[in-house]
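J.: Just passing along the structure, written as structure tokens.
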Amino acid sequence: MEGQYEKAITRILDGVMFHEQMMLYYNFLGLNGYSTCHKYHYLSELNSYNSVLEYYINKYNKLIIVKPNTDTDIIPSSWYKFTKSDVEVSNIRSGVKTGLTKWLEWENGTLEALKEIYVTVCKEDVTFGVLLQALIYDVECEIKTINENMMKDKATDYDVILMMSEQEGLIKKYNKKIKHDIDFTKMGV
Ligand SMILES: [Fe+2]
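Using this note's numbering, you'd call the opening residue of the sequence shown number 1043 and step up by one each time.
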């Protein structure tokens, strides 16, 4: 059983790190609305990470080993030698396409991993199963958002001017969500 908690907590922490990378990725491309969207998911999943960790420690009175994976580095190493002013329109177009593809791959992997853990633990630990159900629902919502964004970008042929014009609205939308949906009291165990 302990291995299942370890798996779940590690996957959630890797997700936090994934969103942190995406936050910086879009900031570098000058797409601050997309960056704020990932900041929201970063904080929201940090909340989830702390909730599950807190649940485990309180239930078993034990610490748990969490070793994050390092393969969540999604920023291309070549980007480190450039500055934001070197970014061309073609980099933005390809960056958005790649960013969405990586996000979808990541969340599909998370969905699969959490479902597998849920099936294994839900009978033995119903409460943890309920926690996992909520996380699975969140991931499904993320996948829906990604698919909608992909459809919109395909329909507009990755129109960078349109993308740029949407950023201000997205910053407001996600900052509002950060303010209202994130429980900052859960940021530490
Ligand atoms: Fe996520």
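All residues carry an ideal CB built from backbone N, CA and C; glycine is no exception.
Taking the C-alpha atoms as reference points, what is the distance between residue 1123 and residue 1131?
T.: Between residue 1123 and residue 1131, the C-alpha separation is close to 18 Å.
J.: May I have the straight-line CA-CA distance separating residue 1125 from residue 1198, to the nearest angstrom?
T.: Straight-line Cα distance between these residues: approximately 28 Å.
J.: Is it true that the segment 1210-1221 meets the segment 1077-1087, where meeting means three or more beta-carbon pairs spaced less than 8 Å apart?
T.: Flag = yes, the segment 1210-1221 and the segment 1077-1087 touch.
J.: Can you give me the Cβ contacts of residue 1221 inside the same chain, cut-off strictly under 7 Å, excluding the 5 residues immediately before and after it?
T.: None.
J.: Let me know the secondary structure DSSP gives residue 1111 once reduced to three states.
T.: Residue 1111: coil per DSSP, three-state reduction.
J.: Which term fits residue 1140, buried or exposed, when burial requires 16 or more other beta carbons within 10 angstroms of its beta carbon?
T.: Per the 10 Å Cβ criterion, exposed.
J.: For the segment 1182-1193 and the segment 1141-1159, state whether three or more C-beta atom pairs, one from each stretch, are separated by less than 8 Å.
T.: Cβ pair count under 8 Å is three or more, so yes.
J.: Report the rounded CA-to-CA distance for residue 1213 versus residue 1073, giving the unit in angstroms.
T.: In a straight line, the C-alpha of residue 1213 is about 10 Å away from that of residue 1073.
J.: So, using beta-carbon positions, are residue 1087 and residue 1054 closer together than 9 Å?
T.: Contact: yes.
J.: Buried or exposed, going by whether 16 or more other CB atoms sit within 10 Å of the CB of residue 995?
T.: No statement about residue 995 is possible, as the shown extent of the chain runs from 1043 to 1231 and does not include it.
J.: Need the endpoints of the alpha helix (DSSP H) that residue 1234 sits in, please.
T.: The displayed coordinates of the chain run from 1043 to 1231. Any statement about residue 1234 would go beyond what the structure contains.
J.: Any heavy atom of ligand 1 within a distance shorter than 8 Å of the CB on residue 1057?
T.: Residue 1057 Cβ: within cutoff of ligand 1.
J.: Could you tell me whether the Cβ atoms of residue 1099 and residue 1048 are closer together than 9 Å?
T.: Not closer than 9 Å, so no.
J.: From which residue to which residue does the alpha helix (DSSP H) around residue 1126 run?
T.: Counting along the chain, residue 1126 falls outside any alpha helix (DSSP H), and DSSP gives it neither H nor E.
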